[in-house]
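S.K.: Residue 61 is where the sequence shown starts when you use our numbering, and the numbers rise one by one after that.
The C-beta atom is built at its ideal place from N, Cα and C for all residues, glycine as well.
Dropping a structure here in C-alpha cells format, bear with me for questions.
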Amino acid sequence: MAASHRSTIAALALLCALALAIFADLLFGGGPRVLGHSASDLFLQYFAWRDFGFRELAKGNLALWNPHIFSGAPYLGGMQGAQLYPPNWIF
Numbered sequence: 061m062a063a064s065h066r067s068t069i070a071a072l073a074l075l076c077a078l079a080l081a082i083f084a085d086l087l088f089g090g091g092p093r094v095l096g097h098s099a100s101d102l103f104l105q106y107f108a109w110r111d112f113g114f115r116e117l118a119k120g121n122l123a124l125w126n127p128h129i130f131s132g133a134p135y136l137g138g139m140q141g142a143q144l145y146p147p148n149w150i151f
C-alpha cells in the first residue's frame, strides 16, 4: 500500500512540474502574453467597444451601427460589445 501511495504522489508531482515547465512563461514571465492582460489588444478592443455601446445607451440610443470602424460596421450584431449579456446590464 505504501509503495502504491508513493508512486501516486510521485506521478502527481511529475505532472505538476510538467505543467509548471510548460506554462512558466505565462506564470512567471510577466508581460502582456497572458490572454486578457490589461495591455493586450483583446482587452483594449473589448473595453473600447463596450464603452462606445454604453455611452450610446446613456444618450438614449441603442447602438446598432459603429461608425468609428472603417466606413461603419454592425455593432449590436457583432456581439463584441456584449450589450445583451445580462451581467452587463448592471452597468
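Buried or exposed: where does Trp109 fall if 16 or more other Cβ atoms within 10 Å of its Cβ makes it buried?
M.R.: Classification for Trp109: buried.
S.K.: Helix, strand or coil for Pro127? Go by DSSP, reduced to three states.
M.R.: Looking at Pro127 - three-state DSSP - the assignment turns out to be coil, as it is neither helix nor strand.
S.K.: Whole angstroms are fine: how far does the CA of Leu102 sit from the CA of Leu144?
M.R.: Taking the straight line joining both Cα atoms gives about 19 Å.
S.K.: I think Leu136 touches Ala123, with their Cβ atoms under 8 Å apart; what is that distance to the nearest whole Å?
M.R.: Confirmed, Cβ separation roughly 6 Å.
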